[in-house]
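Chains as they are written, first to last, in the working numbering: chain A, 885 to 1191; chain B, 885 to 1191. Even for Gly, the Cβ is constructed at its ideal location relative to N, Cα and C. What follows is a single structure, written as structure tokens, with notes after it.
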């Protein structure tokens, strides 16, 4: 009998399993040193969104960490598709992971370890819940913690080093907010747990250039803004620019474009989601329907990769 | 039939398993956010070394991260002892881990997740191999990467955020060395992958006060130095103090006191392990025989924790 993949389907150790049965060895350096990278691509209405861009970023991340995937990008696309197909999910959060792997007993040298590929598809994840998305998120600029420096860890290489971001989340909760954005050692804005941040400041959109992931949703927003003639750029963002912003929104593969309506306890603009934000959110979901960036999933045809 | 625990015995999801069968869910935030803490205690010649100190540090780490272990420290001691007993190992590397746990589908809030305890005993791990320990380690001060700042992540809370340390290791290999010590944003020395560093500078021992784990082997060395009347302190250590040091050594639960004989390609002192280093190494292992800090393992009596 076919296992039940409705809660999610994973691929690990060269086989497909229900996601609840997908594990990492306790000895995998991907866990014990967080020595791994990953990427997340969304499936919406039965199609991947910007799959090639996510695969390309994943390949670059692997290369930067001197990790080697046992699969070609084509085979990874096949595996991700098969995870989605088996789950039957029309809206999915699809993650690919490459871990350093399990060393031989006593081995400490990461060069001598065989890297391991894992993937899974689970129901689409929103970093903000329905209520938060409707009313707009309540954001704080974290005071108790700063973002891990790019000189210590390259934030453009997607990673699980979330200790600072999690501490930022706890601070947000203590301050009765939903989430937090972190600053770097110089006090400039970077990013938050799972998202990039945009401000509409003096009529232009701006998002931090440094200290942040080059988010694919961020990139999509920059491209959509250009299409509708709205000036948008990446640059240095000071907290004061957020305070004075007429609109703020977050971008993430896990939720798209999400308005922020309260910053450090103060209303952003008139305290309701901004008009440009709502327009970009509409265009973002419209792009999912248009199909330009969409790779449809064929749910009827099983696919295999060569072992 | 009793499983074969000779390669190591783990405790996870409330049962004992051979370490090769010990896993973390791919959805555990301990993996996907590196939201976890751990500690490592050594067993030498059938006894734990400074077990209570390791347990106390682990408890503090859990508290700092707002993680709650399902076990008392007494029960954790019992579990660790049982892992060692089942493995039969007389010299073991014993790790305890608390992960945030597996969230409900779609849940992003770490406060709403049940934390999970894991532990294992495997054969004693040396961060330097036999040859390296005999000739002395070849160390570099990393140039390509700096240590994650204490303002982003508290280094006294033991964690798996090793991206910077792994990058330091790769740099060491590229520079034909064995391992690397990292500096902070101000250029002061911190620590390396799995160890603290000591310099004998102007006749006194010094080890970095900030940006480093409060290692229990480091503490042991400070106490042993005091016993033999050698001045030793924690303080700010500049790379130049390493360059000018008459001796350098590393300390770790995974190896004890390990001499460094080459720094950035230049000999330390006369290029052989220093006399004070060797004396402290001898005292360190002597302390394991003396029994003051030792908790013997009873290998014959199975132990249980209440479920």
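The Cβ atoms of residue 1003 (chain B) and residue 963 (chain B) sit closer than 8 angstroms to each other. Judged by DSSP secondary structure, residue 931 (chain A) falls within the beta strand (DSSP E) whose first and last residues are 931 to 933. Nearest Cα to residue 1099 (chain A) within the set A:1112, A:1074, A:1121 and A:1086: A:1074. Annotation for residue 1148 (chain A): 1024 and 1025 place their beta carbon closer than 7 angstroms to its own, counting only its chain and skipping 5 residues before and after. When 8 angstroms is used as the limit between beta carbons, residue 1044 (chain A) is near these residues of chain B: 915, 916, 917 and 918, in chain order. Secondary structure at residue 1005 (chain B): strand, using DSSP grouped into helix, strand and coil. CA-to-CA, the gap between residue 890 (chain A) and residue 1014 (chain B) works out to about 51 angstroms.
Of the residues A:1057, A:897, A:1130 and A:1089, the one whose Cα lies closest to the Cα of residue 995 (chain B) is A:1057. Contact of residue 1047 (chain A) with chain B is assigned, a C-beta pair being separated by under 8 angstroms. Residue contact check for residue 1095 (chain B) against chain A: no CB pair falls below 8 angstroms. The continuous beta strand (DSSP E) containing residue 902 (chain A) extends over residues 899 to 902. Among the residues of the segment 1126 to 1143 of chain B, those with a Cβ less than 9 angstroms away from any Cβ of chain A are 1138, in the order of the chain.
Secondary structure of residue 1172 (chain A) (DSSP, three-state): helix. Excluding sequence positions up to five before and after residue 1083 (chain B), its CB lies within less than 7 angstroms of the CB of 1090, 1121, 1125, 1126, 1129 and 1132, all in the same chain and listed in chain order. Of all residues in the segment 1022 to 1042 of chain A, only 1029, 1030, 1031, 1032, 1033, 1035, 1036, 1037, 1038 and 1041 place a beta-carbon less than 9 angstroms from a beta-carbon of chain B.
Residue 1017 (chain A) sits in a helix when the DSSP states are folded into three classes. Going by DSSP, residue 910 (chain B) is part of no alpha helix (DSSP H) at all; its letter is neither H nor E.
Counting only residues of its own chain and dropping the five nearest sequence neighbours on each side, residue 1055 (chain B) has a CB closer than 8 angstroms to the CB of 1024, 1026, 1027, 1028, 1029 and 1064. Shown here, residue 988 (chain A) sits in coil according to DSSP, grouped into three states, outside any helix or strand. For residue 994 (chain A), the nearest CB of chain B lies under 8 angstroms from its own CB, placing it at the interface with that chain. Neighbours of residue 1004 (chain A) in chain B, taken as residues whose beta carbon is under 7 angstroms from its own, are 910 in chain order. Here the segment 969 to 976 of chain B lies against the segment 1181 to 1188 of chain B, with 3 or more beta-carbon pairs under 8 angstroms apart. With a cut-off of 8 angstroms on Cβ pairs, the segment 974 to 984 of chain B is in contact with the segment 943 to 953 of chain B, counting three or more such pairs. Taking C-alpha positions only, residue 1155 (chain B) is separated from residue 1061 (chain B) by approximately 14 angstroms. In the structure shown, the three-state DSSP call for residue 942 (chain B) is helix. Across the segment 1113 to 1125 of chain A, no CB contact with chain B closer than 7 angstroms is found for any residue. Taking C-beta separations shorter than 8 angstroms and ignoring five residues to either side along the sequence, the partners of residue 1053 (chain A) in its chain run 1063, 1064 and 1077, following chain order. With fewer than 16 other Cβ atoms inside 10 Å of its own Cβ, residue 989 (chain A) counts as exposed. Excluding five sequence positions before and after residue 1059 (chain A), the CB atoms of its chain that fall closer than 6 angstroms to its own CB belong to 1024, given in chain order. Neighbours of residue 1053 (chain B) across chain A, judged by C-beta separation under 7 angstroms: 994.
Distance from the CA atom of residue 894 (chain A) to the CA atom of residue 892 (chain B), rounded to whole angstroms, is 27 angstroms.
Using a C-beta cut-off of 8 angstroms, the segment 1098 to 1113 of chain A makes contact with the segment 930 to 941 of chain A, since at least three inter-stretch Cβ pairs fall below that distance. A distance of 8 angstroms or more separates the beta carbons of residue 1108 (chain A) and residue 1021 (chain A). Between residue 963 (chain B) and chain A, the shortest Cβ-Cβ separation is not below 8 angstroms. Residue environment: residue 1143 (chain A) is assigned as buried (16 or more neighbouring CB atoms within 10 Å of its CB, all protein chains considered).
Non-local beta-carbon contacts of residue 1081 (chain A) in its own chain, meaning distances under 6 angstroms to residues more than five positions away in sequence, involve 1065 and 1134 in chain order.
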